[in-house]
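J.:
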Amino acid sequence: MKIIAIDPGLRGSGVAIWSHGEFDALHKMDLWHLYELIEDEGDYFYLVEDSNLGGGNWHGVTSRANVGKNQAVSTLIVEYLKHIGRRYTALVPAGYSTRYTDAKGNYCKFSRKVFESETGWKGGSNKDSRAAAAMVLANKHVVKALINN
25 MKIIAIDPGL RGSGVAIWSH GEFDALHKMD LWHLYELIED EGDYFYLVED SNLGGGNWHG
85 VTSRANVGKN QAVSTLIVEY LKHIGRRYTA LVPAGYSTRY TDAKGNYCKF SRKVFESETG
145 WKGGSNKDSR AAAAMVLANK HVVKALINN
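Residues 25 to 173 (this note's numbering) make up the sequence shown, in order.
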């Protein structure tokens with residue numbers, strides 16, 4: 025079972041593709057390329073962080089305008105998944121990626137190295153793609169249930 029995790033953002037969403045117990049790819053994609061990926065990948069399972077379900081404080085962002093923009097992107101992604109009939113679970117933002125940030129919530133070389141050492145990931149990544157990957161890692165119970173179905 026392939027699982028595609030999406031951490032929505034206005035200027036690019038983090039995307040992590042998980043298959044057979046490891047990450048196949050980590051990306052940052054604009055909304056249009058994300059839609060193309062969803063269409064091209066077919067009937068896999070999607071995990072989408074949806075700030076409309078909770079408080080919506082992403083990556084330490086406190087500006088209501090920025091959170092609102094991310095909420096709008098979450099809404100568009102979830103509606104698109106529904107529209108084309110993809111299986112998905114919307115997740116309440118839970119600070120999954122804080123493990124891969126410094127004490128101030130910033131992403132740094134150290135946090136990238138922690139991520140790489142814990143996952144064995146050797147490819148490129150950025151803070152958004154690592155945040156999407158962290159959704160998979162923090163929701164192993166959801167991932168296991170999906171695989172067993």
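Where a beta carbon is used, it is the ideal one built from N, C-alpha and C, also for glycine. On a predicted model such as this, the values are computed, not experimentally measured, just so you know.
For the putative contact between Ile30 and Val39, defined by C-beta atoms under 8 Å, what is the C-beta separation to the nearest angstrom?
T.: Position 6 of the sequence shown, counting from 1, holds the residue named residue 30. Position 15 of the sequence shown, counting from 1, holds the residue named residue 39. Yes, they are in contact, since the Cβ atoms of Ile30 and Val39 sit about 6 Å apart, within 8 Å.
J.: Run through DSSP, which three-state label would Lys146 get?
T.: Numbered from its first residue, the sequence shown carries residue 146 at position 122. Residue state, collapsed to three classes: coil.
J.: My understanding is that Thr143 touches Phe69, with C-beta atoms under 8 Å, so please give their C-beta distance in whole angstroms.
T.: Mapped onto the sequence shown, residue 143 falls at position 119. Mapped onto the sequence shown, residue 69 falls at position 45. The beta carbons of Thr143 and Phe69 sit about 19 Å from each other, so the pair does not count as a contact at 8 Å.
J.: Would you call Glu60 buried or exposed, if buried means 16 or more other Cβ atoms sit within 10 Å of its Cβ?
T.: By one-based count along the sequence shown, residue 60 stands at place 36. So Glu60 ends up on the exposed side.
J.: Roughly how many angstroms lie between the CA atoms of Glu140 and Lys146, to the nearest whole one?
T.: Numbered from its first residue, the sequence shown carries residue 140 at position 116. Numbered from its first residue, the sequence shown carries residue 146 at position 122. Distance between the alpha carbons of Glu140 and Lys146 is about 7 Å.
J.: Please report how far the alpha carbon of Trp56 lies from the alpha carbon of Gly92, in whole angstroms.
T.: Within the sequence shown, residue 56 is the residue found at index 32, counting from 1. Within the sequence shown, residue 92 is the residue found at index 68, counting from 1. Cα to Cα, Trp56 sits roughly 19 Å from Gly92.
J.: Can you tell which of Asp64, Gly66, Ala156 has the C-alpha that lies nearest to the C-alpha of Gly36?
T.: Sequence index remark: in the sequence shown, residue 36 carries index 12 (1-based). Answer by Cα proximity: Ala156.
J.: So, with DSSP's three-state summary, where would you put Val177?
T.: The shown model of the chain, from 25 to 173, leaves out residue 177, and the question about it has no answer.
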